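For reference, the structure discussed in these notes is given below.
Numbering (my numbering), first residue to last: 31 to 347.
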């Protein structure tokens, strides 16, 4: 395998893995998202739990089999081995693993609460689903000669699950949530075969346009009698720019047409809204807010770029 093709192949594999995760989420979110408040369900319903568990196992199995047949079968198999990709993409891929595992933990927890499982078991079992599912993808990687089991990815997977479980055990709620936003970058046209040719491809493949957020609910850290808006959050974001290759050593400063590019980390501060804390009697809106609650809404943003300094954006997504 030519080494210059490796970044492209890795990105294509990441896109396939993310598609499998979306299949998994689609299978388990509807029953949980349709509920008003998962913490109110205390009566165990065996039929619901069998249905939920069957859906999770079936969706996971189908996604593993599909990936194995449609992707990994095209490459030479080996014994289980690991590789180190911790220096790639300024760790944006690792933050993506963290968030995916965290969001799967929310979906798993709410699904098990929906079927009446108690708080403790829903937290540990549901909250661990991200690590359990994504570990399966790492094992598939580890059996392929082109890649390997990434301990960096697995650490991020475990950390995402722990981030959900820890908050649930400490506060019985998620006061700090992981969110995502994306704006097409100006670099995607430089290497569309790597960063994506269409908008849907760029969301998954162009790390320059992605931002990952920790969005904290302000009111939840105050006394219960406070009059502060229950839905208002403050969010800290992480992103990166200037990347047309995976490795730092492959490119630190370069050009894209007449555009000079510098590989740099970005940090953001912005207000945000926790849609799940908005009071509404509409079951549709409650379900809709839960489904899209992982998206960071566009607001004014203060940015600090390590190599470029401070910026203020009146509107950032």
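Think of the CB as a built atom: it goes at the ideal place given N, C-alpha and C, for glycine as much as any other residue. All values reported here derive from a predicted model rather than from experimental measurement.
Which residues DSSP lists as bridging residue i, in chain order
{"i": "residue 343", "result": "331"}
{"i": "residue 242", "result": "210, 268"}
{"i": "residue 294", "result": "271"}
{"i": "residue 301", "result": "264"}
{"i": "residue 104", "result": "DSSP lists no partner for residue 104."}
{"i": "residue 277", "result": "118"}
{"i": "residue 254", "result": "Its beta-bridge partners do not exist; DSSP assigns none."}
{"i": "residue 112", "result": "179"}
{"i": "residue 247", "result": "263"}
{"i": "residue 349", "result": "Coverage of the chain is limited to positions 31 through 347, which leaves residue 349 absent and any answer about it impossible."}
Same chain only: Cβ atoms within 7 Å of residue i, ignoring 5 sequence neighbours per side
{"i": "residue 248", "result": "258, 262, 263, 264"}
{"i": "residue 41", "result": "Caution applies to residue 41, whose pLDDT of 45 falls short of 50 and renders its modelled position unreliable; the model cannot decide the point."}
{"i": "residue 256", "result": "249"}
{"i": "residue 252", "result": "258"}
{"i": "residue 260", "result": "249, 307"}
{"i": "residue 115", "result": "180, 182"}
{"i": "residue 205", "result": "197, 246, 247, 250, 251"}
The beta strand (DSSP E) enclosing residue i, as first and last residue numbers
{"i": "residue 268", "result": "262 to 271"}
Pick from the options that is closest to residue i, judged by C-alpha positions
{"i": "residue 106", "options": "93, 300, 173, 307", "result": "173"}
{"i": "residue 271", "options": "305, 243, 292", "result": "292"}
{"i": "residue 273", "options": "217, 322, 256, 315", "result": "217"}
{"i": "residue 328", "options": "337, 343, 317", "result": "343"}
{"i": "residue 304", "options": "203, 227, 339, 341", "result": "203"}
{"i": "residue 79", "options": "142, 131, 110, 101", "result": "142"}
{"i": "residue 331", "options": "276, 163, 243, 307", "result": "243"}
{"i": "residue 134", "options": "81, 75, 155, 311", "result": "155"}
{"i": "residue 192", "options": "207, 157, 298", "result": "157"}
{"i": "residue 298", "options": "339, 201, 100", "result": "339"}
{"i": "residue 164", "options": "99, 153, 182", "result": "182"}
{"i": "residue 122", "options": "310, 206, 319, 276", "result": "276"}
{"i": "residue 152", "options": "194, 306, 219", "result": "194"}
{"i": "residue 346", "options": "312, 313, 301, 311", "result": "301"}
{"i": "residue 200", "options": "149, 245, 162, 188", "result": "149"}
{"i": "residue 188", "options": "162, 246, 207", "result": "162"}
{"i": "residue 86", "options": "315, 113, 137", "result": "137"}
{"i": "residue 220", "options": "286, 207, 254", "result": "286"}
Distance between beta carbons of residue j and residue i, contact taken as under 8 Å
{"i": "residue 139", "j": "residue 198", "result": "7 Å"}
{"i": "residue 209", "j": "residue 324", "result": "6 Å"}
{"i": "residue 12", "j": "residue 214", "result": "Any question about residue 12 goes unanswered here, given that the chain covers just 31 to 347."}
{"i": "residue 90", "j": "residue 166", "result": "7 Å"}
{"i": "residue 319", "j": "residue 306", "result": "6 Å"}
Segment limits, alpha helix (DSSP H) that includes residue i
{"i": "residue 169", "result": "159 to 172"}
{"i": "residue 198", "result": "181 to 201"}
{"i": "residue 230", "result": "229 to 235"}
{"i": "residue 133", "result": "122 to 144"}
{"i": "residue 220", "result": "From DSSP, residue 220 is part of no alpha helix (DSSP H); its letter is neither H nor E."}
{"i": "residue 320", "result": "313 to 321"}
Same chain only: Cβ atoms within 6 Å of residue i, ignoring 5 sequence neighbours per side
{"i": "residue 65", "result": "Annotation note: pLDDT 47 at residue 65 (below 50); position unreliable, no value reported."}
{"i": "residue 241", "result": "211, 267, 269"}
{"i": "residue 190", "result": "128, 131, 132, 160"}
{"i": "residue 341", "result": "333"}
{"i": "residue 335", "result": "294, 296"}
{"i": "residue 184", "result": "168"}
{"i": "residue 113", "result": "178"}
{"i": "residue 233", "result": "212"}
{"i": "residue 337", "result": "292, 294"}
{"i": "residue 207", "result": "245"}
Other residues of its chain near residue i: CB distance less than 8 Å, five sequence neighbours each side excluded
{"i": "residue 169", "result": "110, 179"}
{"i": "residue 125", "result": "186, 242, 268"}
{"i": "residue 119", "result": "237, 270, 273, 276"}
{"i": "residue 229", "result": "214"}
{"i": "residue 226", "result": "218, 232, 233, 234, 235, 236"}
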